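Notes follow the structure.
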Amino acid sequence: MALLEIRNVTRRFGGFVAVDNISLGIEAGEIFTLLGPSGCGKTTILRMIAGFDLPDEGQILLDGEDLADTPPEKRPVRTVFQNYALFPHMTVAQNIAFPLRMSRCPDAEIRQRTRDTLQQVRLGDRAGRYPNELSGGQQQRVALGRALINRPRLLLLDEPLAALDAKLREEMQIELINLQREVGITFVFVTHAQNEALALSHRIAVLNSGRVMQVDDPPRLYGFPGNRFVAGFIGHINILDAQVLETAHGHTRLGIAGLGEIIVPPVAGAAPGGKGAFAIRPELVRIGVHGDVTELKNHFPCEVRNLLYCGDVTTYRVQLANGALIEALLPNSAPGRAELFKVGDAVNVGWRHDAGVFLHE
Amino acid sequence: MSNQTAKLPPSARLTKWLVCGPPLVFLLLLFVAPSAIMVVASLRFPGEFGGLAPVAAAPGVLQGLTLETYRFFFGDFLYAEIFVKSFLVALAATLICLVMAYPLALLIARSPKKSRDLMILLVILPFASNFLIRVYAWMILLGPQGALSQLVNSALGAFGIGPVHLLFSPFAVLVAMVYVHLPFMVLPLYTNLEKHDPSLLDAAQDLGANRWQRFWHVTFPLSLPGIYAGATLVFIPVLGMFAIPDILGGTGDMLIGNLIKDQFLGTRDWPFGATLSILLTGAVLLCVLVAARLGGAGMRHA
Ligand SMILES: Nc1ncnc2c1ncn2[C@@H]1O[C@H](COP(=O)(O)OP(=O)(O)O)[C@@H](O)[C@H]1O
Ligand SMILES: [Mg+2]
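Each protein sequence line maps, in turn, to chains A and B. Heads up, the first sequence is in the numbering used here, so the first residue is 1 and it goes up one at a time. Heads up, the second sequence is in the numbering used here, so the first residue is 1001 and it goes up one at a time.
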């Protein structure tokens, strides 16, 4: 049984459906991420788990028990708010000890556990400071320590890294991963940044307009997006309108406007004439002039139209004779060389037959 | 701060003086100068028919300065008693105002934004009518023919307790003091409470605090600067108030304000009036300093 089960939950604001019949199971000990564009209902879901909001329909169960009648202060669930919501009139140590004081712990125990938690979030030397004297990353760690000190069953994090600058964000991602492994508490993480979700999560639920689009672990989500929305939302991808031409035993043949015919692995539920899209990641597209590309099952002659040099990689945009544009990402493994090809070069573009996926309409 | 000032460009320095100048002149002319005059007056001798005795009574005879009035004040227990009584009345009025204003300010601060302005308007609406008229109105409300008086006395009568006079009593003075100064407590409290980040209460609740704990550990400590501001705005005017005891108090309900007024307009002992004023001002400044320190400590990290 999942630790937290969200069963057919719907939440409406007036006529607007913010969360639309969502069902999710979150397992004990995992980092589960709700990923989606802003306004898709992530915060609303977290608030319902924490108890600040109630579903209009459906249930939320923790260890199989319906939480509907449990107020937020009684739920074994803690939240790290987006703005941290640290108490400005309390020191770091007082902030962290707050939950213990509320539950009327003995003083000696409060002191001991506060010291341990301060150590755990590496704020031992900041115990007497006030929140406004801390950096963003330190404030973040106070919020984490405060939420974890009472060992909740579930920690909810609402875009906790959004307020940090890029460098610190990466640092905090690693810290969060380590902290979660150390304490073993289940994290429900909310973000609109797909790279953050991929880096942190054990599993990700992609949301759009209050609905779940796909739930998977990061590599499967990235490698096998189940629909156009997920494919487009996570990472860069080439998406081309496609039609199923033939379903054979070992492969499926697709017809693509502006490109021609390609071979992909068998597609479940595909029938000749079925419409959809073909999606392939730029880093799985090869371009070249020699046999290594033309040996691939799917390859076409084309011309380099644009290139974007990014230091570690270069993105090439090539155009086929039939008009389709495809992006390819090539690593720049030789130092000091900005490009392998020039704009206007005639090259071949190709990919392995299992490199892309067919997305049903 | 001082090296910051030094770095300001000339135009900014000019702006600073233009902005700070008028209030500075205002304070110098209308507070510092009169205070200095009062200090000097308190050290002089009273004139024969009020006012101050001339420094040179007759050619060649100098009537210098004297500490006589101070000796007089500290020599008679009566004056210290009036001081203490006035402080107690001011303290009581401040506390009653606080207890009444806090729930109201909290209610307004947590109301939908649209209704807040209307509610604040209602709080300050009494200012639209004259202060004295509002105080005289209490004479009618508390008078022996008033409904309140009748109600109280019929209730007391049931227990066989004789009729009491609400009017011309310390009770009437306190009621009017609270009534007149309540908005001065509500407004700073509201201004403070309205700024509180509601996510702090969510966080407290999330961390296991019940309703009472949320108030006591979050809302209340964060509202201390508002409490100190409101308390100062009520305490000081109540302390110096003479009109309300004059109108609604009995003969024994004299407060410092009345005493001072008497020295200047009745007894015509200006030096003693000045002495009382100086002592009162000193006591008030001390209170303000304490409040500012307490409030400042609360404000530092909020
Ligand atoms: N209390 C509310 N009243 C009305 N609409 C709301 C309320 N809370 C959220 N919404 C709406 O619900 C949608 C989802 O909001 P939210 O859960 O905050 O999105 P996210 O966190 O994914 O950005 C938004 O369109 C938002 O405007
Ligand atoms: Mg949100």
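Idealized CB from N, CA, C, for every residue including glycine. Just so we're clear, the structure is a prediction, and the values are computed from it rather than from any experiment.
Expected contact under 8 Å - CB spacing of residue i and residue j to nearest Å
i, j, result
"Leu46(A)", "Ala68(A)", "In fact, because the Cβ distance is near 16 Å, the residues do not count as touching under 8 Å."
"Leu200(A)", "Ile177(A)", "6 Å"
"Gln214(A)", "Gly232(A)", "At roughly 12 Å, the Cβ-Cβ gap does not stay under 8 Å, so Gln214(A) and Gly232(A) are not in contact."
"Val347(A)", "Ile287(A)", "5 Å"
"Ala1291(B)", "Leu1098(B)", "Wrong, their Cβ atoms sit about 13 Å apart, outside the cutoff."
"Leu1265(B)", "Leu1276(B)", "Going by Cβ atoms, the distance from Leu1265(B) to Leu1276(B) rounds to 13 Å, so no, they are not a contact pair."
"Leu1207(B)", "Arg146(A)", "7 Å"
"Val1123(B)", "Met1177(B)", "Not confirmed; about 17 Å, so no contact."
"Arg211(A)", "Ile22(A)", "7 Å"
"Gly356(A)", "Val264(A)", "6 Å"
"Asn95(A)", "Val19(A)", "About 31 Å; that fails the 8 Å criterion."
Cross-chain neighbours of residue i in chain A, by beta carbon under 7 Å
i, result
"Asn1210(B)", "Glu73"
Nearest residue (CA-CA) to residue i, options the options
i, options, result
"Gly344(A)", "Arg317(A), Ala324(A), Tyr309(A) and Ala93(A)", "Arg317(A)"
"Ala163(A)", "Val289(A), Phe187(A), Gly226(A) and His192(A)", "His192(A)"
"Tyr1179(B)", "Ala1101(B), Pro1221(B) and Ala1155(B)", "Ala1101(B)"
"Asp241(A)", "Asp125(A), Leu254(A) and Trp351(A)", "Leu254(A)"
"Val190(A)", "Leu156(A), Ala321(A) and Ser135(A)", "Leu156(A)"
"Glu159(A)", "Pro219(A), Leu179(A), Leu34(A) and Leu221(A)", "Leu34(A)"
"Val188(A)", "Arg181(A), Gln194(A) and Ile204(A)", "Ile204(A)"
"Met1241(B)", "Lys1085(B), Leu1024(B) and Cys1020(B)", "Lys1085(B)"
"Leu134(A)", "Gln119(A), Val92(A) and Gly36(A)", "Val92(A)"
"Pro76(A)", "Val304(A), Ala50(A), His202(A) and Ala85(A)", "Ala50(A)"
"Pro1163(B)", "Pro1144(B), Leu1280(B), Met1254(B) and Val1186(B)", "Pro1144(B)"
"Ser1223(B)", "Pro1188(B), Ala1209(B) and Gln1213(B)", "Pro1188(B)"
"Leu1248(B)", "Leu1286(B), Met1038(B) and Ile1140(B)", "Ile1140(B)"
"Val1032(B)", "Leu1289(B), Cys1287(B), Leu1294(B) and Ile1278(B)", "Ile1278(B)"
"Ile1227(B)", "Ile1244(B), Phe1159(B), Tyr1190(B) and Asp1269(B)", "Tyr1190(B)"
"Met48(A)", "Ala28(A), Arg12(A), Glu30(A) and Val230(A)", "Arg12(A)"
"Met172(A)", "Arg122(A), Ala127(A) and Asn322(A)", "Arg122(A)"
"Glu5(A)", "Gln243(A), Asp63(A) and Val17(A)", "Asp63(A)"
"Leu221(A)", "Gln138(A), Asn195(A) and Leu245(A)", "Asn195(A)"
"Ile1082(B)", "Val1039(B), Ala1274(B), Ala1109(B) and Asp1253(B)", "Asp1253(B)"
"Leu1065(B)", "Val1039(B), Phe1073(B), Phe1171(B) and Pro1170(B)", "Val1039(B)"
"Pro266(A)", "Gly258(A), Ala248(A) and Gly260(A)", "Ala248(A)"
Interface residues of chain B facing residue i [CB-CB closer than 9 Å]
i, result
"Asn150(A)", "Leu1207 and Gly1208"
Chain-ordered chain B contacts of residue i [CB-CB under 8 Å]
i, result
"Ala85(A)", "Asp1197, Ser1199, Leu1200, Asp1202 and Ala1203"
Residue(s) in a DSSP beta bridge with residue i
i, result
"Gly260(A)", "Ile256(A)"
"Lys275(A)", "Gln243(A)"
"Ala299(A)", "The residue you asked about is not Ala; residue 299(A) is His in the sequence shown. Its beta-bridge partners are Gly350(A)."
"Ile6(A)", "Leu24(A) and Ile60(A)"
"Ile287(A)", "Val349(A)"
"Tyr309(A)", "Thr314(A)"
"Asn373(A)", "Not covered by the structure: residue 373(A). The range shown for chain A is 1 to 361."
"Glu327(A)", "Arg317(A)"
"Gly80(A)", "Note that residue 80(A) is Val in the sequence shown here, rather than Gly. Answer is Leu157(A), bridged to Val80(A)."
"Ile280(A)", "Asn238(A)"
"Gly991(B)", "There is simply no residue 991(B) to check, as chain B begins at 1001 and stops at 1302 in what is shown."
"Phe362(A)", "Lying before the first or after the last residue shown, residue 362(A) is absent from chain A, which here runs from 1 to 361."
"Thr33(A)", "Phe189(A) and Ile204(A)"
"Phe358(A)", "Phe278(A)"
"Glu65(A)", "Leu62(A)"
"Asp216(A)", "Ile204(A)"
"Leu1052(B)", "Pro1046(B)"
"Val304(A)", "Val318(A)"
Closer than 7 Å at the beta carbon, the chain B residues around residue i
i, result
"Arg146(A)", "Leu1207"
heavy atom of ligand 4 below 7 Å from residue i C-beta
i, result
"Thr43(A)", "Absence of ligand 4 is noted for the structure shown, with ligand 1 and ligand 2 being the only ligands found."
Self-check item: Contact residues within the segment 1181-1208 of chain B, judged by C-beta distance below 8 Å to chain A
Solution: Asp1197, Ser1199, Leu1200, Asp1202, Ala1203, Ala1204, Gln1205, Asp1206, Leu1207 and Gly1208
Practice problem: Give, in chain order, every residue of the segment 1211-1232 of chain B whose Cβ lies closer than 8 Å to some Cβ of chain A. | Solution: Gln1213, His1217, Val1218, Pro1221 and Leu1222
Practice problem: Could you name the residues of the segment 87-110 of chain A whose beta carbon sits closer than 8 Å to any beta carbon of chain B, in the order they occur along the chain? | Solution: Phe87, Pro88, His89, Phe98, Pro99, Arg101, Met102 and Ser103
Quiz prompt | Residues, ordered as in the chain, of the segment 48-81 of chain A that lie near chain B by beta-carbon distance below 9 Å | solution = Ala50, Gly51, Phe52, Pro71, Pro72, Glu73, Lys74, Arg75, Val77, Arg78, Thr79 and Phe81
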